[in-house]
Each structure stands twice: as structure tokens, then as C-alpha cells.
């Protein structure tokens, strides 16, 4: 509920603060006292765009604050979470407007854009002004009215959940189908690329091994000749080096007993002889293995050329980079098969959700169809009570394919004068008629729908007497369990108030300003008597006013 409205430096308002109660809050006052200005200020707090011409003193900023006491619900909690706001059951919305026309908006002292202000306040306040047909013309609102009367709200909640799953699955199917279509176009080429890489079958670090083998094969003759010559010098020939070392050992052995240093040298020569024998054997082994294998040389050159061609084709630098390319192509071709399998599963899911949604939607359709004539009749009766005896309403219920509303297209049609010609509400109803129609509809669903603060600006336009009395009764009934604020000129409506606020003009230091005060009982009686008979009410008018309040 709206608990406080603070306005400073706005239009002819210097500064004022209003404390609001629960129940039916009625605002009355002299013509031109500033009631419409209050609505303008409240509109700014609800997120309407600011206008520099509304500022009273351009040297000071305009401040408007609206404070709300709120109860947590899923929608509000989700908003606070999405906007990274700490939950608080006290919500203060503040607008600040500079003389230049620039404005800032705050929620609990945190700055926000107007879009977020509007999103939040739409959950807190339902403001109805003359010629404001937006909500009544909204098919979702019309559907909620019918569903509340038909007892479909729980089915609607279930249906909405299933329908979202249905649409999510449908979107996934479209995405997978697009992926499959794109993959199919690329599949043949990717398969060709993969086959090339599989044919190459490159292994990590293979390039280094090929390079080494190519170097060896290219120089095989030179290697064989040089290695063979070295082995011959070591182990063969007229005076092989191994034999010479052996001879040296034999010459020195008799002398070892005369000098310890000679004995050490003999041991070293023995080790050298063994090492030289091993080297000679290895040289002979290398010489035997090295051959001028032209076929192998051609194979390696061809493999190296094939690898380099693929490296260039894929825009790479090194052949080893072909390995992750091969893995990626394998994965892409595998995912094509997986997408086909995924598509089949999603299509089964879609059918399941469609059947479930159709089952709930059909149940809602039956309830809606049954309730439609009853809601039409109840609305027409209420419209007659509030001064619209010739008005009629028709609810067009047409079956459609699955939609957010189920399998029904719902539209409220209106005929103000029993012409037999029904048209959409916004085309045929006047501002006052729309407000009373909104009051009638919301009265019919007040116990079923959780409603925010309702504000009616001059709902009494074009009515008086018994019709005004009935509007007052309806407002009073609707305000049970809800906060309802209404600006009125009709004493019959003002008499039903739980809280009566009076707007007045006064002159301070030569400047006219607007003020507001809560009326006590004696003041209420006097104000309502003035509405009945003029500025100086008679005793009869005062007595009538007192009776109207008691009634």
C-alpha cells in the first residue's frame, strides 16, 4: 500500500506530505485547488517523464517521494533479485528534477532508470485516469478477469509453466534444426578434410624424425664410406689402432713395478683399448645398416610434401597443428549425428508438453465458456447500478492454437447505448464509462485476484445521485482488504471514505500554494455538506451529510 507521498517545488505546491491509510481513501477539494497536480506528482513517482515546466522555482530542484509498504511475492522478489536490491518491505521511490529538466530516479536511495521504476510501480499501483484505456484494452487483463471469475487461476498457473516448457522445447528444436541444416551443408567438405588428415595420420613430433631420416638417407654414401674408413683404421689394416694400443700395453707392463705412475697409465690404456674395440664395432654396425634406399627416400619426401600441403591448406605453421584440427573435425562430424539424436528426443518432449498443455487449456476453455455469460450478466448489472443502465458487454471467446492464454482468444466488447453494435472497449467507451467499467470488473474479482493499490481519478465523471451512491458502495466494497484511493466531486462517494483528505489553496508571502489535510469527523461532515449545498451549508445539508457518512 501507498503510505506516504512527499512533494516539494512542484507546480503550485511549495511543499506537502500526505500520510495514507489502508481501505478507501477519498480526496476532495475546491476546483483548481490542485487535485490534478497531486496525480501529476504521483505519476512522476510512478515513472512518467519529467517536464521542466512543472518546476515551481527553477533555482531549486523538485523532489517527489512515494513510500510503499509491500508484501513479498514471487514477482517482487524476482525484481529485487534481478536489480540486485536487498529485500525491504518499505520501498521508497524518489524523483529529483532539476531546473534544466534533467531528472534522476531512485529506489531505496539506489539510482535506477525510468524503465525499472515503471516496472516496479506497475506491481505496486494501478492508476486509472480519465481516458486511460490501456489496461482495459489489454487482452491479458481481460483474460485475467474472466479466469478469476471462472476459477481458472490455478489451471492458468499450471498451464503457463507447461506452455513455457513447450515454447522452450520448440525454440531448442528450431536451434537444433538450424544447426543440422548448417552442418549438413558443411558435412561433405568436412568429411573430405578429415579423410585427408586420416590418410596422413600424422603423429606428434613425427616431423623431426622424418627430417633426421631424410638427412641420413640423403648422405648415406658419404656416411658409409667415412664410417667404414674409421672402423678400418681402428680394427683392421696393417697397423690397426687397437693393435697398436695393445702393443703399448705390452711394452709398459714390465715397467709398472718400478713406477706407480706407469701402472696407472697401463690401466688407462687397457680401458682405451676396450673403448676403441666398442667404437669399432659400432662403426661397423652403422656402416652395415646405412644403405642408399631410394624407395624409402621417395616415401619420406612424399609424406613430408603431403604434410606441408595440408599445413598450408589449413593456414597453419607446423604439421603437429594438424592433430587438433583432425580431432575438431571428428567432433564436428560426431556432433552431427548427436544433433540428429537430440532432435528426435526434443520432438518427443515437445509432443509430451503439447498434450499436457492441451489438456489443461481444454479444461480452462470449458470453465471460461461456462463463465462467459455469467460474467457478462454480472457486469451489466453492476454497470446499471453505477449509472450506465443502457450499457452492455459481450465477451468474445474464440478457440485458437496454443498461446500464452491457452486455446482461447478473449476480447471484451462494449455497447454503451443498446445499439446492438459491439466494439472494442477503447473505441466506444468514454473516460468516465471506462473508469466505472474498470471498477465494476475489479469489484467482481477482488476476492480472487491479488491487487495493488488502486487509484481512480474522477471516477464520478458524468454521474450523480443514486449512481454516485452505488459507485461509492462499490468503492467501499472493493477497498475491503485493499487500498483504494479516489478523487471525487460527489458527496455520495466521499461519504464512504475510511480516510478523507481535503485539498486546498492558500496564499503564503503573496504566492498561491496547494495544501492537503486529513479531515476529522466534524470537518468531514462540513465538507460533504458543502458538496451537497454549497459553500455555506444549511443545517439540513449538515444533517444529510452526517446521515450519508453513517449509512
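Numbering (the working numbering), first residue to last: 3 to 553.
Even glycine gets a Cβ: it sits at the ideal position worked out from N, Cα and C.
ask   = With DSSP run on the structure shown, which of helix, strand or coil describes residue 61?
value = coil
message = On the DSSP bridge list, what partners appear for residue 455?
response = DSSP output for residue 455 lists 127 as bridge partner(s).
ask   = Under the three-state reduction of DSSP, which class applies to residue 381: helix, strand or coil?
value = helix
ask   = Using the rule of at least 16 other Cβ atoms within 10 Å of the residue's Cβ for burial, across every protein chain shown, is residue 112 buried or exposed?
value = exposed
ask   = How would you write the range of the alpha helix (DSSP H) that residue 552 sits in, first residue to last?
value = 541 to 552
inquiry  = So, at 6 Å on beta carbons, what are the nonlocal neighbours of residue 407 in its own chain, with the 5 sequence-adjacent residues on each side left out?
reply    = 145
ask   = Buried or exposed: where does residue 263 fall if 16 or more other Cβ atoms within 10 Å of its Cβ makes it buried?
value = So residue 263 ends up on the exposed side.
message = Please give me, in chain order, every unbroken run of the beta strand (DSSP E) with length at least 3 that falls completely inside the region 12 to 78.
response = 15 to 21, 26 to 31 and 64 to 71
The beta strand (DSSP E) enclosing residue 107, as first and last residue numbers = Where residue 107 is concerned, the enclosing beta strand (DSSP E) stretches over 105 to 109.
inquiry  = Quick check for students: name the residue ranges of the beta strand (DSSP E) that lie wholly in the region 272 to 360, counting only runs of 3 or more.
reply    = none
ask   = Which of helix, strand or coil does DSSP assign to residue 429?
value = helix
task = Please check if any C-beta of chain D sits within less than 7 Å of the C-beta of residue 267.
result = Going by chain labels, chain D is absent from the structure shown, which holds only one protein chain.
task = For residue 517, I'd like the list of residues in its chain whose CB is within less than 8 Å of its CB, leaving aside the five on either flank, ordered along the chain.
result = 18, 505, 506, 507 and 508
key: Coarse secondary structure for residue 492, derived from DSSP in three states   = coil
ask   = Sorted by chain position, which residues of the same chain lie with C-beta nearer than 8 Å to residue 386's C-beta, five sequence neighbours on each side aside?
value = Taken in chain order, the residues that qualify are 393.
request  = Can you tell me which of the three DSSP states residue 408 falls into?
outcome  = strand
key: With 16 other Cβ atoms within 10 Å as the buried cut-off, status of residue 329   = exposed
key: Residues near residue 359 by beta carbon distance below 7 Å, same chain, minus five either side   = 161, 164, 165, 168 and 404
message = So residue 247 and residue 275 are supposed to be a Cβ contact under 8 Å. How far apart are they, rounded?
response = 5 Å between Cβ atoms; contact.
request  = Report the three-state DSSP secondary structure of residue 388 (helix, strand or coil).
outcome  = coil
message = If contact is defined by three or more beta carbon pairs under 8 Å, each pair taking one atom from either stretch, is the region 201 to 219 in contact with the region 299 to 315?
response = yes
query = What do you reckon, are the CB atoms on residue 40 and residue 477 nearer than 7 Å?
reply = Going by C-beta atoms, residue 40 is not nearer than 7 Å to residue 477.
key: Proximal residues to residue 534 (C-beta, below 8 Å), its chain only, five neighbours per side dropped   = 493, 543, 546 and 547
inquiry  = So for residue 119, helix, strand or coil by DSSP?
reply    = helix
task = Note the first and the last residue of the continuous beta strand (DSSP E) segment covering residue 513.
result = First-last of the beta strand (DSSP E) with residue 513: 513 to 520.
Extent of the continuous alpha helix (DSSP H) run through residue 160 = 155 to 202
key: At least 3 beta-carbon pairs within less than 8 Å: the region 39 to 54 vs the region 116 to 132   = Touching, yes.
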